[in-house]
Each structure stands twice: as C-alpha cells, then as structure tokens.
Amino acid sequence: QVKVEAVNFDIRKHLVEYDDVANVHRNVIYGERKKVLSGADLKANVQDMVHNEIESIVANHTSDRDRENWNLDMLETELLAIMPLPSELMQEQLVEMEPEEMMEGLLEHADILYEEREKAMGSEPMRSLERAIMLRVIDTHWVEHLTALQNLRQGIGLHAFGQRDPLVMYKKEAHGQFDELLTGLQHDIVNTIYHMAPVEQGAAVG
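Just so we're aligned: 119 in the working numbering is position 121 of the sequence shown, and the numbers increase by one with no gaps anywhere.
Below is the structure:
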C-alpha cells in the first residue's frame, strides 16, 4: 500500500511540475499583456522590436565573409515585408555597402517612416493601433503556444525509452518553444506596424 501511494504521489508531483512550466510562461505573457492593457506607452517597445528585427535580418543575410554568399534577394524581400524602402536602400545600392552601413541607413529610415506614420494618423490613434496590434499578436501566439505545449506533453513520454528524464526534456523543449514564441511575436508586430493607413475616423490596418 505504501509503495502504491508513493508511486501515485510521484505521478502527481510530475503533473504539477509539467504545469509549472506553462504557469511560468503564462505569467510572463500575462504580465506583458497587462502592460499593454494598462495603457502604457508602447512606442519605444515597438521601435526597439523594429530595430532588433532589422538588425537580425541584415546579420542573417550578410554574415558570410565572402560577399558572394550574401543573400541580398532575401534581404530585400524581408525588409520590404516590413516597410517600403527608398531607392537608395534597395538591393542595387545595398550590394555596395558594408553591413554596418546598411544597418545605419535602414534603422534611420525605419525611424523616419514611423514618425511620418504617426504624424499622418495622430499620436493617440497611433498608440491605440500599437496596443491593438500587440494584443492581437500576443493572443494569437499564446493560443498556439498552449497547443504546442499540450502536444509536447503528450509526446514527451517517448524520451523515457531513451533513458532520459521526460520532465527534463519537456522543460528543455518547452523553453525552446517559448523562445520561438517571443521571436514570432516580434516578427509579426514588426511586419504589421508599418502596414497601416489613416482613415477619416481614426486609422485602420491595411
């Protein structure tokens, strides 16, 4: 009887530990969501995301020492998905630049374009749109993340056959998925924020 109870307790303990992972993730996401809902000024946050995304794109496609291996087609495609580019920052001109020079020109352009959008819309409509976009993206990714965690939890028992602790593997893989969630949040917010057009009564995404 004692042995059976001990086994049952151990199972319950592991169930709590599995839940703890989701709870930690939930606390982080809900904390960020609360900031958005509280009316915090998100402009600096969004602009930081824009800078990080642009820097990441440039680094990803110009990291090779051999310029022949740079993927400027994809670089331009990914940048255009974020914002329109002036002629001096299109592929024909970027090919002549060093990565640092590209980065400087792109970040400056992103900031100028952001200010132009805000001026066209008005500060308050822009702040409202930042909040709306962030909430929508956070909620979408959070639902997807919960589903992914559930699927991971159901399949993680297979690791036991490889003499590995399923809980350790679950935590490791769940951490990787959470990193992907945060990367996805930034990507989607940045790829949405410039695709906004002012309308008569406020502003719309489009």
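Every residue gets a Cβ at the ideal spot worked out from N, C-alpha and C, and that includes glycine.
Tell me whether V19 is buried or exposed, calling it buried when 16 or more other Cβ atoms sit within 10 Å of its Cβ.
Within the sequence shown, numbered from 1, the residue matching residue 19 stands at position 21. By the neighbour-count criterion, in which a residue is buried when 16 or more other Cβ atoms sit within 10 angstroms of its Cβ, V19 is buried.
A130 lies in the alpha helix (DSSP H); which residues open and close that run?
Within the sequence shown, the letter at position 132 stands for residue 130. S121 to G153 is the extent of the alpha helix (DSSP H) around A130.
Exposed or buried, which one is I110 when buried takes at least 16 other CB atoms within 10 Å?
For the purposes of this step, residue 110 is taken as the residue at position 112 of the sequence shown. Result: exposed.
Which runs of the alpha helix (DSSP H), 4 residues or longer, sit entirely within the segment 36 to 122?
The segment 36 to 122 contains these whole alpha helix (DSSP H) runs: 41 to 59, 70 to 80, 89 to 92 and 97 to 119.
Using 8 Å as the threshold, is the C-beta distance between R134 and Y192 below it?
Numbered from 1 along the sequence shown, position 136 holds the residue referred to as residue 134. Numbered from 1 along the sequence shown, position 194 holds the residue referred to as residue 192. No, they are not a contact pair.
Going along the chain, which residues of its own chain have a beta-carbon closer than 7 Å to the beta-carbon of D62, five neighbours each way excluded?
Start at 1 with the first residue of the sequence shown, and residue 62 comes out as number 64. W68.
Assigned exposure category for L13 - 16 Cβ within 10 Å defines buried:
The residue labelled residue 13 in the question sits at position 15 within the sequence shown. Its Cβ having fewer than 16 others within 10 Å, L13 is exposed.
Could you compute how far the alpha carbon of M119 sits from the alpha carbon of E94?
Here residue 119 is taken as the residue at index 121 of the sequence shown, counted from 1. Here residue 94 is taken as the residue at index 96 of the sequence shown, counted from 1. Their backbone Cα atoms lie some 35 Å apart in a straight line.
Cβ neighbours of I136 in the same chain (closer than 8 Å, five flanking residues each side left out)
To locate residue 136, count along the sequence shown from 1; it is residue 138. For I136, the CB contacts under 8 Å within the same chain, skipping 5 residues up- and downstream, are I27, E30, R31, V34 and L183 in chain order.
In angstroms, rounded to a whole number, what distance separates the CA positions of T60 and P97?
Here residue 60 refers to the residue found at position 62 when the sequence shown is read from its first residue. Here residue 97 refers to the residue found at position 99 when the sequence shown is read from its first residue. Their backbone Cα atoms lie some 7 Å apart in a straight line.
Bounding residues of the alpha helix (DSSP H) (the contiguous stretch that carries H173)
Within the sequence shown, numbered from 1, the residue matching residue 173 stands at position 175. Counting along the chain, H173 sits inside the alpha helix (DSSP H) bounded by residues P164 to I191.
Alpha carbon of K169 to alpha carbon of Q175, nearest angstrom:
For the purposes of this step, residue 169 is taken as the residue at position 171 of the sequence shown. For the purposes of this step, residue 175 is taken as the residue at position 177 of the sequence shown. Going from the Cα of K169 to the Cα of Q175 covers about 10 Å.
What number of angstroms, rounded off, separates the C-alpha of K39 from the C-alpha of P82?
Working through the sequence shown from its first residue, we reach residue 39 at position 41. Working through the sequence shown from its first residue, we reach residue 82 at position 84. As written in the sequence, residue 39 is Asp, which differs from the Lys given in the question. It is roughly 25 Å from the alpha-carbon of D39 to the alpha-carbon of P82.
Can you give me the Cβ contacts of N189 inside the same chain, cut-off strictly under 7 Å, excluding the 5 residues immediately before and after it?
Counting from 1 along the sequence shown, the entry for residue 189 is found at position 191. So the qualifying residues of the chain are A79 and I80.
Return the Cβ separation of M194 and L127 in integer angstroms, given the expectation that the two are a contact with Cβ distance under 8 Å.
Here residue 194 corresponds to residue number 196 of the sequence shown, with the count starting at 1. Here residue 127 corresponds to residue number 129 of the sequence shown, with the count starting at 1. Confirmed, Cβ separation roughly 6 Å.
What's the C-alpha gap between D17 and L179?
Looking up residue 17 in the sequence shown gives position 19. Looking up residue 179 in the sequence shown gives position 181. L179 has its alpha-carbon roughly 18 Å from the corresponding atom of D17.
Nearest-angstrom beta carbon gap, V56 and M124 [assumed within contact, 8 Å]:
For the purposes of this step, residue 124 is taken as the residue at position 126 of the sequence shown. For the purposes of this step, residue 56 is taken as the residue at position 58 of the sequence shown. Contact doesn't hold; Cβ gap of about 26 Å is too wide.
Please return the same chain residues whose Cβ sits closer than 8 Å to the Cβ of H107, not counting the five positions on each side in sequence.
For the purposes of this step, residue 107 is taken as the residue at position 109 of the sequence shown. Closer than 8 Å at the Cβ level, and outside the excluded window around H107, lie M81, L83, P84 and L87.
In whole angstroms, give me the CA-to-CA distance for E90 and D46.
Within the sequence shown, the letter at position 92 stands for residue 90. Within the sequence shown, the letter at position 48 stands for residue 46. If you take the alpha carbons of E90 and D46, they lie about 27 Å apart.
Compare the Cα-Cα distances from R129 to each of L165, L105 and N43 and report the closest residue.
If you number the sequence shown from 1, residue 129 lands on position 131. Minimum Cα distance to R129 is reached at N43.
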